[in-house]
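Please read the structure below before turning to the comments.
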Amino acid sequence: MKNAVPRSRSTKPAGEVAPGPDTEVLERFYKELWRIRLFEERATELFKKGIIKGTAHSCIGQEAVAVGACAALAADDYIVSNHRGHGHCIAKGADLGSMMAELFGKDTGYGHGMGGSMHIASMKHGILGANGIVGAGLGIGTGAALSSDIRGSKQVTVAFFGDGAANEGIFHEALNLAALWKLPVIFLCENNRYGLSLGVAEASAVPEISRRAASYGIPGETIDGNDVLSVLEATSRAVTRARAGAGPSLIEAMTYRWGDHSMRTNLPRYRPVEEEDLWLNQKDPIRQLGEVLAERQVNAMRLDEIKAGVALEIDACVSIAEAAAEPTSAILFPSVTAPLLPDMGEPDPGSRMLGYVEAVREAMDQELARDPSVLVMGEDVGRIGGLFAATKGLQEAHGASRVRDTPISENVLANAAVGAAMTGMRPIVEVQFFDFITHMMDAIVNQAAKLRFMLGGEIAIPLVIRGPQGGGIRLGAQHSQSLESWFAHVPGLVVIGPSNPYDAKGLLAAAIEDNNPVVFIEHKLLYQMSNGPVPEQRYRLPIGKAKIRREGSHVTIVATMAMVDVALAAAKELARQGIEAEVIDPRTLRPLDMPTILDSVRKTNRCVVVTEGWKTHGFGAEISAQIMEQAFDDLDAPVLRVGMDDVPMPYNANLERDLIPNARRVADAARTVCYVQGQGNSNFAT
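Per the working numbering, residue 0 is the first one in the sequence shown, and the count goes up by one each step.
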């Protein structure tokens, strides 16, 4: 193996110590163990003094897992850590000064003070981030391994997780997906015997976590996680297997955290005194390796010298952190969102007619052909081309490696997209129905939307989550929701909702090329009813730029997605009464082009906002509020909202039809703000 540590060449005579890494290598391991231990001890001390804020989770007692596992990896291999991740980062090569500065919340920290203890990452060292969400790293690590597999890089990923995460659904989804695709990932469970206070045997029907590997047809073993050499040996075997293309492994490293769950928690005693004494004294990983070195004739003075050198290093890193500058507010907004693509203009639509689904498909087809990092994943997207045929023919054109059918595993699918995006891919994830995106909320809201920010703007997360939403085709309450408000509320996401085929193709191309996580919403009614001119050549439209669909001078109607055609129909009806409505299609819901909307409102002095979603707390309320705040003096009437009443979508066709906003309701709202009395010519105030 290209990254194996040097081994002793001597043959073991009877009665002597078994061969293993050279003594020099063992001394390096011993130093790494002390670097982690003393870093954590100092962090605890500084937390108690109030210098380190918030909280931190110490890995004292678990150092051997980090050191042994990372010693088996090459410099360009990846690790994904968890909330107790300082040791993993140190063992993979992270700079102690930058780590301590991050704990201090300083600008020179790995996240420039935006992430803190639970969110240290260094792409330079292959550290894809610690994570405050239990189990999330399992999916992100699976995605990083998928990226390595597609790129043919031979890089291996180790996903560290705790025994508590083994009972999360993503544990099973990640192991299944990785085994199914034979991905080069090692799932390394640090079983420290307790989730927070609940013991493994009380939380798991099968307490030996490594036994679960058999369910997915992959190797699983339980090892002494406090013996750095046992960890090295097991991880090295798993790395060799992964690089050879044989797929993932599960390693359960039995270890023990010396302290409480976190530096902030102060729980009543929940662990037996005898158990603590055994692990803190007899099974101390530093003591165990020290005994091995003593057998190699390394004296106590040399061991003390190693520890003393590390202590000076820790002193220096604390001094560096103390002297570092605080971040300023100037870092905040650039850290949230990567710069949007430059506006390349909008090509003439031409005369070639295309349906909405065909436009979506053509955009993905052209991006797959243009950029080898583009990847399509989703349930049934390959062989049958998706339930709505949006990916039909793409697998035949671009291969099963880049257009992948996935199990019904939305959680790991979205988290894997994050990991793949962090490591060189541009994944497109299809959600069969947008209602199912509820299974993806952690990946979208806690991972995709926040990782760039928590890492101080140092990374990009270029991925697209796309699929159909909305009602109109009698699929009932769990297949017909309009959920755009959820995502438009979250900083770090781009949210796009095209209303016609031309926009669908151009905005999807832009979404795929953009360096931000994009939620791309396609309305089911538009799949069936929308047809329009679309250029054959590749083009991308500007993100964050609204479109005036119809000019008018009396009232502004802002409408999204399928409601744009409804608004245009209402405008025709209003025109017969002498009311000229200006119809604006935001196209992008986040970022929202408020200047275009405000310019129109200042011209017409009236506004109606139309969305299919629930009116209460809906997207229309945001547009209305911004108009009230920024153009109140220009209004001659209150802004009215048209949306669904506060009930789920019914199955009955008549009830569904009545609930969804229609042209009559939009026209009535427009007449109300224009003070029209009855029918006939307009009679509104000017």
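The C-beta atom is built at its ideal place from N, Cα and C for all residues, glycine as well.
Problem - For Leu102 and Glu39, the rounded distance between their alpha carbons - result: Those two C-alpha atoms are separated by around 11 Å.
Problem - Opening and closing residue of the beta strand (DSSP E) in which Ile626 lies - result: Looking at the DSSP string, Ile626 is not in any beta strand (DSSP E); the run it does join, the alpha helix (DSSP H), is 618-630.
Handout entry: Between the CA atoms of Thr422 and Ala158 - distance to the nearest angstrom
Key = Each residue's Cα considered, the two are about 14 Å apart.
Problem - Among Asp162, Thr22, Ala245, Gln480, nearest to Ala204 - alpha-carbon criterion - result: It is Asp162.
Problem - Segment contact flag, the stretch 118-135 with the stretch 79-88, C-beta cutoff 8 Å, min 3 pairs - result: Three or more Cβ pairs closer than 8 Å define a contact, and the stretch 118-135 meets that threshold against the stretch 79-88.
Exercise for the section: Look up Met440 in the DSSP assignment and say whether it is helix, strand or coil. Expected result: Correct three-state label for Met440: helix.
Practice task
Let me know if Met627 comes out buried or exposed under the rule of 16 or more other beta-carbons within 10 Å of its beta-carbon.
Solution key: Residue environment: Met627 is assigned as exposed (fewer than 16 neighbouring CB atoms within 10 Å of its CB, all protein chains considered).
Practice task
Could you tell me the distance, in whole angstroms, from the CA atom of Met593 to the CA atom of Gln61?
Solution key: Met593 and Gln61: Cα-Cα distance of roughly 52 Å.
Problem - Check whether Asp434 and Gln480 have beta carbons under 8 Å apart - result: With contacts defined as CB atoms closer than 8 Å, Asp434 and Gln480 qualify as a contacting pair.
Practice task
Please name the residue in Asp259, Ala299, Ala322, Asp283 whose C-alpha comes closest to that of Lys105.
Solution key: Selected option, being the one with the closest Cα: Ala322.
Exercise for the section: Report yes if the CB atom of Ile464 is closer than 8 Å to the CB atom of Val518, and no otherwise. Expected result: Less than 8 Å divides the Cβ of Ile464 from the Cβ of Val518.
Exercise for the section: Could you name the residues of the same chain whose beta carbon sits closer than 6 Å to that of His56, not counting the 5 residues immediately before and after it, in chain order? Expected result: His82, Arg83, Ser261, listed in sequence order.
Practice task
Can you tell me which of the three DSSP states Leu482 falls into?
Solution key: Looking at Leu482 - three-state DSSP - the assignment turns out to be coil, as it is neither helix nor strand.
Exercise for the section: Indicate, with yes or no, if the ligand MN has a heavy atom lying under 7 Å from the CB of Ser350. Expected result: Ligands in the displayed structure: none, and consequently the ligand MN is not present.
Practice task
State the DSSP-derived secondary structure class of Val79, mapped to helix, strand or coil.
Solution key: Here Val79 sits in strand by DSSP.
Handout entry: Nearest-angstrom Cα separation, counted from Val557 out to Ile659
Key = C-alpha separation (whole angstroms): 16 Å.
Exercise for the section: Note down the Cα distance separating Glu251 from Glu611, rounded to an integer number of angstroms. Expected result: A direct Cα-Cα distance of roughly 49 Å separates Glu251 from Glu611.
Problem - Complete beta strand (DSSP E) runs within the stretch 579-620 (minimum length 3 residues, chain order) - result: List check, beta strand (DSSP E) in window: 580-584, 587-589, 606-613.
Exercise for the section: Note the first and the last residue of the continuous beta strand (DSSP E) segment covering Gln686. Expected result: The structure shown does not extend to residue 686, since the chain is modelled only from 0 to 685, so the question has no answer here.
Handout entry: Three-state secondary structure (DSSP) of Ser121
Key = Correct three-state label for Ser121: strand.
Handout entry: Secondary structure of Asn130, DSSP reduced to three states
Key = The three-state reading of DSSP puts Asn130 in coil, since its state is none of H, G, I, E or B.
Handout entry: Beta-bridge partners of Asn686, as assigned by DSSP
Key = Nothing in the structure corresponds to residue 686, since the chain is present only between 0 and 685.
Exercise for the section: Could you check the C-alpha separation between Met440 and Gly466 for me, to the nearest Å? Expected result: So the alpha carbons of these two residues sit roughly 15 Å apart.
Practice task
Decide if the stretch 505-517 is in contact with the stretch 534-548; the criterion is three or more beta carbon pairs, one per stretch, under 8 Å apart.
Solution key: Contact holds: three or more Cβ-Cβ distances are below 8 Å.
Exercise for the section: Out of Ala178, Glu201, Pro206, state which residue places its alpha-carbon closest to the alpha-carbon of Ser214. Expected result: Sorting Ala178, Glu201, Pro206 by C-alpha distance to the C-alpha of Ser214 places Ala178 at the top.
Handout entry: Residues of its chain near Pro585, where Cβ-Cβ distance is below 7 Å and the 5 sequence neighbours each way are ignored
Key = The residues are Ala545, Val557, Thr559, Leu591, Asp592.
Exercise for the section: Could you have a look at Phe387 and say whether DSSP puts it in helix, strand or coil? Expected result: Here DSSP, grouped into helix, strand and coil, assigns Phe387 to coil.
Handout entry: Range of the contiguous alpha helix (DSSP H) that encloses Val411
Key = Taken as a continuous stretch (DSSP letters only), the alpha helix (DSSP H) holding Val411 covers 409-421.
Handout entry: Straight-line Cα distance separating Leu145 from Ala173
Key = When rounded, the distance between both Cα atoms is 11 Å.
Handout entry: Ser706 in three-state terms, based on DSSP
Key = Lying outside 0 to 685, the shown extent of the chain, residue 706 is not represented and no answer is given.
Handout entry: Within 8 Å, strictly: CB atoms of Phe186 and Leu231
Key = Not in contact: Phe186 and Leu231 (Cβ atoms no closer than 8 Å).
Problem - Continuous beta strand (DSSP E) assignments of at least 3 residues falling wholly in the stretch 168-199 - result: The qualifying runs are 184-190.
Handout entry: Assigned exposure category for Ala243 - 16 Cβ within 10 Å defines buried
Key = Under this definition Ala243 is an exposed residue.
Exercise for the section: Report yes or no: do the stretch 387-403 and the stretch 357-373 share at least 3 C-beta pairs separated by less than 8 Å? Expected result: The stretch 387-403, when compared against the stretch 357-373, does touch it at the 8 Å Cβ threshold.
Practice task
Kindly indicate which three-state DSSP category Leu72 falls into: helix, strand or coil?
Solution key: Looking at Leu72 - three-state DSSP - the assignment turns out to be coil, as it is neither helix nor strand.
Practice task
Determine the contact status of Ala569 and Ala662, defining contact as a CB-CB distance below 8 Å.
Solution key: Yes. Within cutoff.
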